[in-house]
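**Q**
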Amino acid sequence: MIDLFEPFRSTTAWWTIAVGATTNVACALVGCYLVLRRMSLMGDALAHAVLPGLVLAFLFSGTLNIVPLFFGAVTVGLLATFLIQSLHQYGRVPADASMGVVFTSMFALGVVLIKRYLSGIHFDAACVYEGLLQFVALNTVDVAGLEVPRTLLTIGPVLLMNILVIALFWKELKISSFDANLASAMGFSATFMHYLLMVLVAVTTVASFEAVGSILVVAMLIVPAATAHLLCDRLGHMVILACLAGVLSAVGGYWIARVWNVNPAGSMTIAAGGLYGLAVLFSPRHGMISTISRNLQTSLRVTCEDILAMLYRVEETDTQHRLDTSSAVQALGGGFVSRWGISALVRRRHIVRTKQGLQLTDTGRLAAKSLVRSHRLWEAYLVQHLGLPLDHIHEPAHRVEHFIDEKLRHNLEEVVDDTGRDPHGRDIPNG
Amino acid sequence: MLATSITFKVMMGTTLLGATAGVVGSYAVLRRRALVSDMLAHAALPGICLAFLIVGARDIFALSIGALATGLVGLLLVTVLCRWTRTKEDAAIGIVLSTFFGAGVVLLSFAQRHHQGNQAGLDTYLFGEIAAMQSREVRLLLAVGTLVLLAVLALHKEFKVLAFDPEFAASQGWPIFLLDFGMMALLAVVTVVGLPICGVILMAALTILPSAAARFWTNRLGSLLLLAGLFGGVSAAVGTLLASPVPQQLLGFNPLAFGWHPSHLPPGPLIVLTTASLLVVSLFIAPQHGIAARLVGEFRLRARIFREHLLRSLYEMSEAELPALPAIAESALVDYRSWNRLLVDWQIRRAERRGLVELKDGTIRLTPDGLTTAADLTRTHRLWELFLVEYANIAEDHVDRDADDVEHLLPQPLIDDLQRRLAEEGRLPLQPRVDIPPPSMPESPHELEP
Amino acid sequence: MPPPALEIHDVTVAYHRKPVLWDIDLVVPEGKLVGIVGPNGAGKTTLIKAALGLVPLASGKVEIYGKSLKQQRSLIGYVPQRESVDWDFPVTALDVVLMGTYGQLGWFRRPGKIQREAARVGLEQVGMSQYAHRQIRQLSGGQQQRVFLARALAQDARIYFMDEPFAGVDAATESAIVTLMQSLRSTGKTVFVVHHDLQTVAEYFDYVILLNMRLIACGPTKVTFSTKNLQATYGGRLTILDEAAEAIRQRDPLR
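Protein chains in written order, with the working numbering: chain A, 33 to 463; chain B, 144 to 593; chain C, 605 to 859.
1. What does leucine 509/B pair with, by DSSP beta-bridge criteria?
2. Report yes or no: do the segment 786-799 of chain C and the segment 756-771 of chain C share at least 3 C-beta pairs separated by less than 8 Å?
3. Should leucine 290/B be flagged as near chain C, meaning a C-beta pair shorter than 8 Å?
4. So that I know if they touch, is there some Cβ in chain A lying closer than 8 Å to that of threonine 150/B?
5. Compare the C-beta of leucine 587/C against all C-beta atoms of chain A and say whether one is closer than 8 Å.
6. Listing by chain order, which chain A residues have their CB less than 9 Å from the CB of phenylalanine 253/B?
7. Spatial neighbours of arginine 738/C within its chain, please: CB distance less than 7 Å, with the 5 preceding and 5 following residues excluded, ordered by chain position.
8. Which value, in whole angstroms, describes the spacing of the CA atoms of serine 663/C and cysteine 336/A?
9. Which term fits serine 402/A, buried or exposed, when burial requires 16 or more other beta carbons within 10 angstroms of its beta carbon?
10. Flag glutamate 441/B as yes if its beta-carbon sits less than 8 Å from any beta-carbon of chain C, otherwise no.
11. Work out the CA separation of aspartate 629/C and glycine 278/A for me, nearest whole Å.
12. Quick check: is the beta carbon of asparagine 362/B nearer than 8 Å to any beta carbon in chain C?
13. Buried or exposed: glutamate 242/A, going by 16 or more other Cβ atoms within 10 Å of its Cβ?
14. Cβ closer than 7 Å: which chain A residues qualify as neighbours of glutamate 847/C?
15. Which residues in the same chain as arginine 405/A place their Cβ atom closer than 8 Å to its Cβ, once the five residues preceding and following it in sequence are excluded?
16. Taking its Cβ as the centre, do 16 or more other Cβ atoms sit within 10 Å of glycine 365/B, making it buried, or is it exposed?
17. If we cut at 8 Å on Cβ distances, does alanine 297/B have a partner in chain C?
18. Where does valine 624/C fall in DSSP's three states?
19. In the segment 673-701 of chain C, which residues sit with their C-beta less than 8 Å from some C-beta in chain B, listed in chain order?
20. Please classify threonine 150/B: is it buried, with 16 or more other beta-carbons within 10 angstroms of its beta-carbon, or exposed?
21. Shorter than 8 Å from the beta carbon of arginine 229/B to some beta carbon of chain A?
22. My output table needs one value for cysteine 264/A: the three-state DSSP class, helix, strand or coil.
23. So, is valine 87/A buried or exposed, given that buried needs 16 or more other C-beta atoms within 10 angstroms?
24. Taking DSSP as the reference, what is the three-state secondary structure of glutamate 768/C?
25. Should leucine 293/B be labelled buried (16 or more other beta-carbon atoms within 10 Å of its own) or exposed?
26. Got a sec: is the Cβ-Cβ distance from alanine 618/C to anything in chain A below 8 Å?
27. Give every residue of the same chain whose Cβ lies closer than 6 Å to the Cβ of arginine 859/C, excluding the five residues on either side of it in the sequence, and list them in chain order.
28. In angstroms, rounded to a whole number, what distance separates the CA positions of tyrosine 268/B and alanine 162/B?
29. Quick one, are the C-beta atoms of threonine 242/B and alanine 251/A less than 8 Å apart?
30. Use the C-beta contact count for aspartate 174/A: other C-beta atoms within 10 angstroms, 16 or more gives buried, fewer gives exposed.
31. Looking only at DSSP bridge pairs, what is valine 384/A linked to?
32. Since leucine 637/C and tyrosine 808/C should fall inside the 8 Å C-beta cutoff, what is the C-beta to C-beta distance between them, to a whole number of angstroms?
33. Measuring alpha carbon to alpha carbon, tell me which of Thr395/A, Asp211/A, Lys147/A, Gln121/A ends up nearest arginine 381/A.
34. Could you tell me which chain E residues have their CB closer than 8 Å to the CB of alanine 851/C, listed as they occur along the chain?
35. Return the chain-ordered ranges of every alpha helix (DSSP H) run that is complete within the segment 731-762 of chain C and spans a minimum of 4 residues.
36. Below 8 Å on the Cβ atoms is my guess for isoleucine 436/A versus alanine 848/C; work out the distance and round it to an integer in Å.
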């Protein structure tokens with residue numbers, strides 16, 4: 033019996049998850065704004081551009097103390113932002129190319145600096161890119177009797193700072209994200225907001241390096257935020273959902289990493305991607321599967337209504353005539369949806385199967401009447417208000433009739449000359 | 144000399160790569176998809192790992208196929224996400240880039256644990272391993288590079304119209320989606336082939352930097368592509384050379400070394416920095432698009448405008464006494480519009496050199512040539528003024544605002560009418576045009592706005 | 605009798621599942637200069653795009669000279685709206701006009717002497733010969749519009765679709781363009797023009813299509829461009845159509 037929860041049964045596990053979750057939430061908070069401002073790739077750019085800053089900070093301070101590293105990252109991050117902006121504005125280089133130019137050049141500079149000045153130090157590329165999440169629980173610090181991973185002491189305050197800044201500038205960030213010009217007109221400097229956000233990104237990125245490395249931090253910035261974006265329509269909800277997605281990615285990722293014995297940062301990314309994929313497919317309003325399901329339901333409804341209407345018209349011409357199932361299906365163009373529709377109608381007791389064929393029940397006839405009423409009202413509307421000739425109105429009415437509800441029927445009645453007959457001379461059934 | 148021959152081989156490889164990347168990358172940059180190559184480079188990692196796991200060995204061909212496969216899948220995914228969800232293009236690229244890379248990292252750790260995979264594998268992928276380039280790899284580069292360049296050449300006009308005006312291209316019947324995907328696929332192929340050589344980040348640089356630099360030098364697509372290829376190739380060659388032992392051998396010292404052996408430095412970053420320098424240089428000195436050129440142009444324009452104001456002011460100050468040409472005190476001219484004395488001095492001397500004014504004892508007098516020029520300028524200015532004041536409400540419809548001359552801006556009947564009005568007011572300067580009769584020229588000057 | 609230049613049968617076009625053009629049905633004979641007129645959001649651009657196959661049709665079909673669009677692409681010239689293009693693109697005016705000849709060339713072939721000559725002639729016809737080698741960003745609005753027009757002329761088509769060719773253009777350019785259109789018509793070509801200035805419709809066009817999400821009228825200007833029809837066109841949206849469109853958008857299966 034496989035114990036699915038086995039990976040979670042240790043303090044190491046929980047501390048590691050804590051670090052992961054804190055990192056992810058800190059990133060998700062900032063990432064929401066990046067996604068909304070269509071600056072997701074700025075996150076990527078900054079994450080790479082800060083490298084020379086880190087190296088220089090290390091060289092100048094002589095230590096791996098986090099404070100000079102932050103300082104170096106923020107300085108270089110601001111520089112990179114400035115260069116990208118200027119290149120775009122004054123050099124007339126397109127925005128995305130400016131980003132590409134600046135961050136790759138700065139990254140290259142960083143690599144040169146590393147190889148030149150840090151070549152003595154063992155430099156494992158892997159840790160830069162994948163992070164060291166698997167080891168965070170080992171490097172602990174004693175805080176009030178608890179063995180807390182040192183990383184948490186870095187990323188924790190950053191998380192708090194992000195929360196504080198976002199709470200403080202909630203309105204300003206919101207407005208400047210949706211309409212920079214409006215923000216400027218209202219007195220908030222959109223440029224200031226931009227640089228503020230970039231500072232947050234730079235700091236969060238550096239703080240997250242240890243956990244997830246510099247490429248996967250991009251995932252943590254963007255993916256949970258994008259997931260939340262698919263699921264809700266309000267900024268507040270989006271931020272909360274993004275944080276939730278971040279936490280879930282941390283938990284899920286850790287689980288994957290332990291079960292398959294693979295890199296945890298990568299696993300968190302996969303988990304985040306998986307959540308995004310689920311949102312893409314199943315988001316109630318916008319998800320693909322939801323849309324397909326809605327479409328099928330509508331198809332079925334349309335087919336059922338077509339069946340009812342067809343039977344009604346048959347009855348109109350000759351009350352004794354009945355259609356049998358196969359002719360009905362054929363008349364509708366065949367296909368399983370028609371058969372499915374007939375079965376659904378039988379179940380709903382709108383039609384019954386008799387020896388001679390399909391017959392409308394009273395409820396069925398009522399439903400059919402509304403539909404035919406919609407159809408003929410629409411035809412009258414097309415003739416009277418759109419001036420369409422008689423031979424051009426049946427097809428359009430046939431398409432539109434299924435979407436005419438009671439309210440619209442009522443409105444139609446008001447604008448259409450009510451002669452009780454449609455343009456072809458047939459009765460319009462009473463509402 | 145072994146070092147030199149190896150270096151030469153490596154240089155050939157990187158030059159080819161740089162040239163091809165520069166050409167293909169130009170299209171990506173023009174289509175505002177500069178960072179797609181970054182995405183392709185990152186998305187290649189899972190493909191490389193999968194290929195490695197399947198094949199069991201570091202076969203460059205298999206790994207490249209794997210890389211290409213996942214790269215193209217990533218590309219398709221970005222398109223699908225953009226089209227069918229709310230997610231915007233930048234976020235889609237970022238999502239695919241990072242999640243694919245994450246998957247790759249996971250697969251890599253899996254491979255390392257179970258297959259004694261090369262520990263340096265990730266290092267190579269990230270930074271490239273140019274030095275170990277084999278003849279085989281150079282041949283692969285040559286083949287791929289040639290094919291890609293041939294494709295670009297063959298599809299030049301198709302790509303051109305697609306990139307410039309996709310809607311028009313669609314109306315002509317071109318299969319937009321296929322062509323677009325083809326363009327991106329070419330980019331993918333070049334990126335994938337270059338990955339083991341240059342590494343991830345630097346491959347993206349190779350595709351973006353050359354065309355960004357080349358754009359400053361030309362206004363035509365064909366030249367842009369050629370120049371981008373040239374820049375890419377040359378930077379690659381130079382960068383490789385700088386990282387090789389060759390400069391040390393040739394010059395006796397390495398220009399980059401601050402006392403350390405340069406072969407510690409992988410050529411990749413040096414190539415990027417070389418291209419970046421090229422970009423910076425182009426940014427400043429390129430004629431027409433470069434900053435220096437634009438500043439100079441700006442400066443010249445202002446000087447011209449100032450000169451014209453000066454001449455116009457001279458005319459206005461002389462107008463009352465025409466056709467006699469009075470001597471005007473320089474200080475009066477300076478005070479007329481509260482200008483900077485030095486500027487006035489400078490431009491007046493230039494005007495003298497061009498025979499437009501005469502200078503004597505601190506006074507300025509228009510020459511007959513100067514009078515004609517000044518009259519022209521004043522006439523244009525007054526026509527414009529009158530038009531804007533009187534006819535402002537139809538200015539929108541009648542004015543092609545970017546054109547230079549009033550004569551070309553307004554319909555002739557309107558110009559005739561305006562000239563007649565000015566003449567009636569006595570404000571119409573001397574006529575160079577034959578079709579309008581010379582006006583009588585009495586009249587006090589009107590109020591001029593500064 | 606020759607087939608009509610353009611025939612639109614019962615065409616409905618939906619944007620994001622919401623119908624924006626309802627059941628358009630019209631016939632236009634060849635050799636006419638046709639103005640397409642209607643208020644903002646009436647679907648004028650959509651109608652042109654539907655005729656060109658640039659937007660999918662929710663229903664109905666379009667025929668050019670009696671055949672489907674796919675078979676007749678070589679007969680069509682297009683002048684899109686100016687905003688749709690990247691003006692920083694490294695092409696000169698001549699390059700842009702040459703693009704008009706690409707349709708005739710087919711895959712892989714380069715424009716040759718014949719195409720260059722056609723492009724040169726096109727530029728001359730719009731009075732832009734001296735700007736042939738200017739980068740397009742350096743051209744003024746009216747000049748850019750003329751370059752687009754020249755491109756369509758280089759397509760050497762029998763039917764032209766022009767979307768707001770007079771937008772942002774000065775009076776002199778406008779009358780030059782109209783003269784050009786009229787000379788096209790005199791050689792038997794048909795020109796469809798989305799036009800926004802009601803004052804000049806009667807002067808410029810001999811045929812008119814009045815549109816407001818549905819077809820109000822289509823026919824010779826003298827009889828069709830009447831007060832009654834104009835009132836119907838500009839008299840406000842049909843709220844019923846709006847309601848029905850919204851209902852469809854919310855519940856229609858994706859086609």
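Every residue, glycine too, gets a C-beta built ideally from N, C-alpha and C. As the structure is a computational prediction, the values presented were derived from the model and not from experiment.
**A** Let me spell this out:
1. Val500/B
2. yes
3. no
4. no
5. Residue 587/C is absent from the model: chain C starts at 605 and stops at 859.
6. Trp292, Asn293, Val294, Asn295
7. Thr696, Ala697
8. 22 Å
9. buried
10. no
11. 54 Å
12. yes
13. buried
14. Leu440, Asn443
15. Arg441, Ile460, Pro461, Asn462, Gly463
16. exposed
17. yes
18. strand
19. Lys674, Arg677, Ile680, Tyr682, Pro684, Ser688, Val689, Asp690, Phe693, Pro694, Val695, Thr696, Asp699, Val700
20. buried
21. yes
22. coil
23. buried
24. coil
25. exposed
26. no
27. Bear in mind that a pLDDT of 37 at arginine 859/C, under 50, signals an unreliable position, so the number given afterwards is only what the model happens to contain. There are no such residues.
28. 21 Å
29. yes
30. exposed
31. Gln391/A
32. 7 Å
33. Thr395/A
34. Protein chains in the displayed structure are A, B and C, and chain E is not among them.
35. 745-758
36. 7 Å
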